[in-house]
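Novice: Just passing along the structure, written as structure tokens.
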Ligand code: G3H
Ligand code: 13P
Ligand code: ZN
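Numbering (my numbering), first residue to last: -10 to 315.
What follows is the structure, given as structure tokens:
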């Protein structure tokens, strides 16, 4: 295949060592989604400035958007920029919510160092078989694999789920054993997107099911767990978006306190996409509202990138605990 590369040629790392350290240190590695240059630079600079390891992740549709051939070079550019800044943070390039063997293989062949096979919408045996097929291919190439058991409410890439089906702790051991996955995404009440819960004004959001997480930790001690749908939907950004002409009613996410608690447990990877989107959108709306004549993309995308840097540093320092762990 043309353009085949191993991730080590790009200067990337798989998740094995960073998860081991996160587990021992009681923090979580941030996994930020990106699909364009400003997002990628915002994430990278935020992680360099807070000295945090980072997982750069792209969904299948984000990869299509950025172009599958172009994408590994974006990650390579990020690695080179980090070097030029004199920093040495570990960087993983990860496929988020891969849904077929072919997609996972194509990512591995083009330089990804980690892939997710999300077979959570399949029955257990099918999910395990598909995940195992990806693991076999990936492990031969030292690429790490994330699986998923349980279904999150909201949208898991192109698959939509109205309700969440919590992970059944009794299935976890068998799944890990059958598939040899390196980490497992679980469903304990988080969900994707900006509207995670339906709550009335003044009402608290329902707490995550830490009892399920604890039961899973007992069954697979020391095994890296992943939380998807973990944006807090920072109220500051929702307010800014609404104040500058946007319309984001009833947007609500996972409180930082609950993510801090999760990060101290076996949760080694916390996925954040929506908060980054909100930070950039809020700033772009502000710049346009305050400067209606502005038409230089560097002015609004540059401000959006600066806001994302701030948000990434805050998450790493105050929520995930990954700052100064690179
Ligand atoms: O979990 C899904 C991620 O937020 C990616 O979203 O499919 O719109 O790129 P996307
Ligand atoms: P959020 O929508 O909560 O940011 O979740 C992102 C995610 O889980 C990506 O896989
Ligand atoms: Zn997800």
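All C-beta atoms in this analysis are idealised placements derived from N, C-alpha and C, irrespective of residue type, glycine included. Quick caveat, the model's predicted, so the values are computed rather than measured.
Using a Cβ-Cβ cut-off of 6 Å (strictly less than) and excluding sequence neighbours within five positions of residue 55, which residues of its own chain qualify?
Specialist: Cβ within range, chain order: 24.
Novice: Beta-carbon separation of residue 83 and residue 63 under 8 Å?
Specialist: Result no, Cβ atoms of residue 83 and residue 63 do not sit closer than 8 Å.
Novice: Less than 8 Å between the C-beta atoms of residue 214 and residue 172, yes or no?
Specialist: Taking 8 Å as the Cβ cut-off, residue 214 and residue 172 qualify as a contacting pair.
Novice: Could you give the C-beta distance for residue 254 and residue 42, rounded to a whole number, given that I count them as a contact under 8 Å?
Specialist: Actually they are not in contact, since the Cβ atoms of residue 254 and residue 42 sit about 18 Å apart, beyond 8 Å.
Novice: Just how far apart, CA to CA, sit residue 149 and residue 264?
Specialist: Bear in mind that a pLDDT of 48 at residue 149, under 50, signals an unreliable position, so the number given afterwards is only what the model happens to contain. If I take the Cα positions, the gap works out to 20 Å.
Novice: Take the Cβ of residue 67 as the centre, count every other Cβ of all protein chains shown within 10 Å, and call the residue buried at 16 or more, exposed below.
Specialist: Its Cβ being crowded by 16 or more others within 10 Å, residue 67 is buried.
Novice: Exposed or buried, residue 15, counting other C-beta atoms within 10 Å across all chains shown (16 or more means buried)?
Specialist: Residue 15 is exposed by the Cβ-count criterion.
Novice: Per the contact definition of three or more C-beta pairs closer than 8 Å, is the stretch -2 to 5 in contact with the stretch 241 to 253?
Specialist: These segments do not touch.
Novice: What are the complete alpha helix (DSSP H) segments, minimum 4 residues, inside the stretch 67 to 120?
Specialist: Runs found: 90 to 98.
Novice: Can you say whether residue 183 is buried or exposed, counting buried as having 16 or more other CB atoms within 10 angstroms of its CB?
Specialist: Buried: at least 16 other Cβ atoms inside 10 Å.
Novice: Helix, strand or coil, according to DSSP, for residue 288 in the structure here?
Specialist: Three-state DSSP puts residue 288 in a helix.
Novice: For residue 22, list the residues DSSP reports as bridge partners.
Specialist: Paired residue(s): 46.
Novice: If we call anything under 8 Å between Cβ atoms a contact, is residue 261 one with residue 17?
Specialist: The answer is no: Cβ separation not under 8 Å.
Novice: Under DSSP, the alpha helix (DSSP H) around residue 7 begins and ends at which residues?
Specialist: Residue 7 -> alpha helix (DSSP H) spans 5 to 14.
Novice: In chain order, which continuous runs of the beta strand (DSSP E) of length 3 or greater are located wholly inside the stretch 186 to 242?
Specialist: Those beta strand (DSSP E) runs which fall completely within the stretch 186 to 242 and span 3+ residues are 214 to 216.
Novice: If we count the other Cβ atoms within 10 Å of its Cβ and call it buried at 16 or more, is residue 315 buried or exposed?
Specialist: With 16 or more Cβ atoms within 10 Å of its Cβ, residue 315 is classed as buried.
Novice: How many angstroms separate the CA atom of residue 356 from the CA atom of residue 45?
Specialist: The requested residue 356 is not part of the displayed model; the chain covers only -10 to 315.
Novice: Using a Cβ-Cβ cut-off of 8 Å (strictly less than) and excluding sequence neighbours within five positions of residue 6, which residues of its own chain qualify?
Specialist: Excluding residues within five positions, the ones whose Cβ falls inside 8 Å are 79.
Novice: Taking 7 Å as the line, does the beta carbon of residue 220 fall inside it for any heavy atom of ligand 2?
Specialist: Yes, Cβ of residue 220 sits closer than 7 Å to a heavy atom of ligand 2.
Novice: I'd like to know whether the C-beta atoms of residue 90 and residue 122 end up nearer to each other than 8 Å.
Specialist: Their beta carbons are under 8 Å apart, which means residue 90 touches residue 122 by this criterion.
Novice: If you measure from the CB of residue 239, is any heavy atom of ligand 2 nearer than 7 Å?
Specialist: For ligand 2, not one heavy atom lies less than 7 Å from the Cβ of residue 239.
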